[in-house]
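Counting from 1, position 215 in the sequence shown corresponds to residue 214 in our numbering; the numbering is continuous, with no gaps.
The block underneath contains the structure these notes are about, expressed in structure tokens.
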Amino acid sequence: MKKGLVSTFLVLTVSAGALAAEFGSRGGPEPVNIDAVAQALQQDPYDMELLISYGTSKGGSAGHLALSIRDKASGDEFVHSANFYADRSEAHARGVYNAELMTRIPKMEYLFRTSSSLGETASFGLDFGEIYKRSVLGIRVYGVPEREKAELEAFFRELNADFQRQATDTRYHSGEVRYGYLDLNCAKTIGSAFRYGAGYAGLEVLNGPYFSWRLLKKALRANIPTEMALKIMREWQARGYAMDVVLYRKYAASSYMDPHDEEPVAFKDLPNRFPSVLSRDFRRESGRYEDYDNLFAAYLFYNLGKYRVSLDPASQRLQLEQLKAPMPYALAEAWAKKHAKTDHLKLQRGLPEPLQGRPVEE
0 MKKGLVSTFL
10 VLTVSAGALA
20 AEFGSRGGPE
30 PVNIDAVAQA
40 LQQDPYDMEL
50 LISYGTSKGG
60 SAGHLALSIR
70 DKASGDEFVH
80 SANFYADRSE
90 AHARGVYNAE
100 LMTRIPKMEY
110 LFRTSSSLGE
120 TASFGLDFGE
130 IYKRSVLGIR
140 VYGVPEREKA
150 ELEAFFRELN
160 ADFQRQATDT
170 RYHSGEVRYG
180 YLDLNCAKTI
190 GSAFRYGAGY
200 AGLEVLNGPY
210 FSWRLLKKAL
220 RANIPTEMAL
230 KIMREWQARG
240 YAMDVVLYRK
250 YAASSYMDPH
260 DEEPVAFKDL
270 PNRFPSVLSR
280 DFRRESGRYE
290 DYDNLFAAYL
300 FYNLGKYRVS
310 LDPASQRLQL
320 EQLKAPMPYA
330 LAEAWAKKHA
340 KTDHLKLQRG
350 LPEPLQGRPV
360 EE
């Protein structure tokens, strides 16, 4: 009799634990068709994908930049992402994943999964399950040689080796090799991989002073995710690589709150801002960006757009939509420049005329 009561108690306890994790939360149920959507996207023979996460703060928000590399033989895709918690600060010494500077995460886990291969200290909405917190733009590239992908992978291993031995003043960074929001950040690590790993000698990667007494001075010398992505895209165009864009939309109903935040806010209530360049738009609390460079980026990504992936709250399934045929890069860039220039002037002058360009969905 006692054994039966204990068994019943255990079943009820496990059931209660399972119910505690809601859909869209850490440890909660996942969309059942993740693998099917991944297979559908992989029908296109892309080699890599720059992943630009939207910003979650008010005003112009820079977001995050990561790189997914696809193994053509196995079909596996792994996202290489700078680890915000690998800064060796006292605040991030415990309770977070800080073992590596560059994490390597399966792409579907990075975007859609609710549990992490990195373990219990991984951060939901950052290391995995990005779309429950914010939208992600994927710039897919075609025609990349296998040698180049291998060189990028090797550079990420070099970054982690340098982080482990606490290296300083390397070929790609002045100061200690550790994460820095305005220093060795996500954009700089990805840009450095292309410049120093894959030999993109013409790619500009800013290397601001390690010791700077002015925060603004450091910000002006920081590498910004969208700006770095645009630089890399121009390098791809020069090499004859084709590109298109996938928008992975934020799931707007997650009530999960990150316990690491100073003031935890439900993911559904966080801003979901297009990742801004460093501009006057950083002072805008909300509303449409007006800066030329932001308009250009938003229009360019729309012109290159091919797919949108959304998570339907009712069915709890991912929905893959083909939006249109992407423009060739040269044409997409030319139209984006033209419309961004015209629309920037209209917005600056407060003209009531409709805008010519169409931004990627915000």
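For every residue, glycine included, the Cβ atom is placed at its ideal position computed from N, Cα and C.
Worksheet item: Do L117 and Y96 have their CB atoms nearer than 8 Å?
Response: For the purposes of this step, residue 117 is identified with residue 118 of the sequence shown, where counting begins at 1. For the purposes of this step, residue 96 is identified with residue 97 of the sequence shown, where counting begins at 1. Cβ atoms of L117 and Y96: closer than 8 Å.
Item to complete: Would you kindly report the start and end of the unbroken beta strand (DSSP E) that includes E48?
Response: On the sequence shown, residue 48 is found 49 positions in, with the first residue counted as 1. E48 -> beta strand (DSSP E) spans 47-52.
Worksheet item: Per DSSP, which one or two residues make a beta bridge with F77?
Response: By 1-based counting over the sequence shown, the position of residue 77 is 78. Per DSSP, I68, P105.
Worksheet item: Would L49 pass as a contact of I231 if the rule is Cβ separation under 8 Å?
Response: On the sequence shown, position 50 is the one that residue 49 refers to. On the sequence shown, position 232 is the one that residue 231 refers to. For L49 and I231, yes; Cβs fall inside 8 Å.
Discussion item. If distances are taken between C-alpha atoms only, which option among V276, K148, L229, P258 comes closest to L299?
Written reply: Counting from 1 along the sequence shown, the entry for residue 299 is found at position 300. It is L229 whose Cα lies nearest to the Cα of L299.
Worksheet item: Quick one: what does DSSP say D292 is sitting in, helix, strand or coil?
Response: Position 293 of the sequence shown holds residue 292. Reduced to three states, the DSSP call for D292 is helix.
Worksheet item: For the ligand ATP, any of its heavy atoms closer than 7 Å to the Cβ of K71?
Response: With respect to the ligand ATP, the structure shown offers nothing to examine, as it has no ligands at all.
Worksheet item: Should M242 and W235 be called a contact, given that it needs their Cβ atoms to be closer than 8 Å?
Response: As a working note, residue 242 is residue 243 in the sequence shown. As a working note, residue 235 is residue 236 in the sequence shown. Yes, these two residues count as a Cβ contact at 8 Å.
Worksheet item: So is P353 buried or exposed if we call it buried at 16+ other beta carbons inside 10 Å?
Response: As a working mapping, residue 353 is identified with position 354 in the sequence shown. The residue in question, P353, is exposed, as its Cβ has fewer than 16 Cβ neighbours within 10 Å.
Worksheet item: Terminal residues of the continuous alpha helix (DSSP H) containing Y328?
Response: Walking along the sequence shown from the start, residue 328 turns up at place 329. Counting along the chain, the alpha helix (DSSP H) containing Y328 begins and ends at 328-348.
Worksheet item: Name the DSSP bridge partner or partners of G27?
Response: In the sequence shown, the residue the question calls residue 27 occupies position 28. Note: G27 sits in no beta bridge, so no partner.
Worksheet item: For L40, which option in Y288, G27, E76, R93 has the closest C-alpha, if you only look at C-alpha atoms?
Response: By one-based count along the sequence shown, residue 40 stands at place 41. Residue E76 is the option with its Cα nearest to L40.
Item to complete: Using beta-carbon positions only, say whether T102 and S80 come within less than 8 Å of one another.
Response: Sequence index remark: in the sequence shown, residue 102 carries index 103 (1-based). Sequence index remark: in the sequence shown, residue 80 carries index 81 (1-based). At a Cβ-Cβ threshold of 8 Å, T102 and S80 count as neighbours.
Practice prompt. Rounded to whole angstroms, what's the CA-CA distance from A153 to G196? Just pull it up for me.
Written response: Reading the sequence shown from its first residue, position 154 is the one you call residue 153. Reading the sequence shown from its first residue, position 197 is the one you call residue 196. Distance between the alpha carbons of A153 and G196: 7 Å.
Worksheet item: From K187 to Y255, what does the alpha carbon distance come to, in whole angstroms?
Response: Against the sequence shown, residue 187 aligns to sequence position 188. Against the sequence shown, residue 255 aligns to sequence position 256. When rounded, the distance between both Cα atoms is 30 Å.
Item to complete: Please report how far the alpha carbon of L303 lies from the alpha carbon of L294, in whole angstroms.
Response: The residue given as residue 303 occupies position 304 in the sequence shown. The residue given as residue 294 occupies position 295 in the sequence shown. Between L303 and L294, the C-alpha separation is close to 14 Å.
Worksheet item: Apart from the five residues just before and just after V36, which ones in its own chain have a Cβ nearer than 7 Å to its Cβ?
Response: By one-based count along the sequence shown, residue 36 stands at place 37. Excluding positions up to five away in sequence, the list reads V308, L317, L319.
Worksheet item: For the putative contact between L183 and F193, defined by C-beta atoms under 8 Å, what is the C-beta separation to the nearest angstrom?
Response: Here residue 183 is taken as the residue at index 184 of the sequence shown, counted from 1. Here residue 193 is taken as the residue at index 194 of the sequence shown, counted from 1. About 15 Å separates the two Cβ atoms, so there is no contact after all.
Practice prompt. Can you tell me which of the three DSSP states P224 falls into?
Written response: Taking the first residue of the sequence shown as position 1, residue 224 is located at position 225. P224 sits in a helix when the DSSP states are folded into three classes.
Worksheet item: What are the boundary residues of the alpha helix (DSSP H) that A39 is part of?
Response: For the purposes of this step, residue 39 is taken as the residue at position 40 of the sequence shown. Where A39 is concerned, the enclosing alpha helix (DSSP H) stretches over 33-40.
Worksheet item: On the premise that K305 lies in contact with V359, defined as a C-beta separation below 8 Å, what is that separation, rounded to the nearest angstrom?
Response: On the sequence shown, position 360 is the one that residue 359 refers to. On the sequence shown, position 306 is the one that residue 305 refers to. Not confirmed; about 11 Å, so no contact.
Fill in: Nearest-angstrom Cα separation, counted from T113 out to E29
On the sequence shown, position 30 is the one that residue 29 refers to. On the sequence shown, position 114 is the one that residue 113 refers to. For E29 and T113, the distance between alpha carbons rounds to 6 Å.
Item to complete: Return the chain-ordered list of same chain residues with a C-beta closer than 7 Å to the C-beta of A367, the five sequence neighbours on each side being excluded.
Response: Here the chain has residues from 0 to 361 only, and residue 367 is not among them.
Worksheet item: Among A297, R87, D168, which residue has its Cα nearest to the Cα of L136?
Response: Residue 136 sits at position 137 when you count from the first residue of the sequence shown. Among A297, R87, D168, the Cα nearest to that of L136 belongs to A297.
Practice prompt. Taking only runs that begin and end inside the region 149-204, name each unbroken beta strand (DSSP E) of 3 or more residues, in chain order.
Written response: none
Item to complete: Compute the Euclidean distance between the alpha carbons of Y247 and L110, then round it to the nearest angstrom.
Response: Position 248 of the sequence shown, counting from 1, holds the residue named residue 247. Position 111 of the sequence shown, counting from 1, holds the residue named residue 110. Spanning the two alpha carbons is a distance of roughly 8 Å.
Discussion item. Taking the straight line between their C-alpha atoms, what separation do you get for A332 and R238?
Written reply: Position 333 of the sequence shown, counted from the start, is the residue given in the question as residue 332. Position 239 of the sequence shown, counted from the start, is the residue given in the question as residue 238. In the sequence as presented, Ala is not what sits at residue 332; that position holds Glu. One C-alpha to the other measures close to 16 Å.
Worksheet item: Do you know how far the Cα of L344 is from the Cα of E289?
Response: Residue numbering aside, residue 289 sits at position 290 when the sequence shown is read from its first letter. Residue numbering aside, residue 344 sits at position 345 when the sequence shown is read from its first letter. Straight-line Cα distance between these residues: approximately 9 Å.
Worksheet item: Looking at the structure shown, is F300 part of a helix, part of a strand, or coil, going by DSSP?
Response: The residue labelled residue 300 in the question sits at position 301 within the sequence shown. Residue state, collapsed to three classes: helix.
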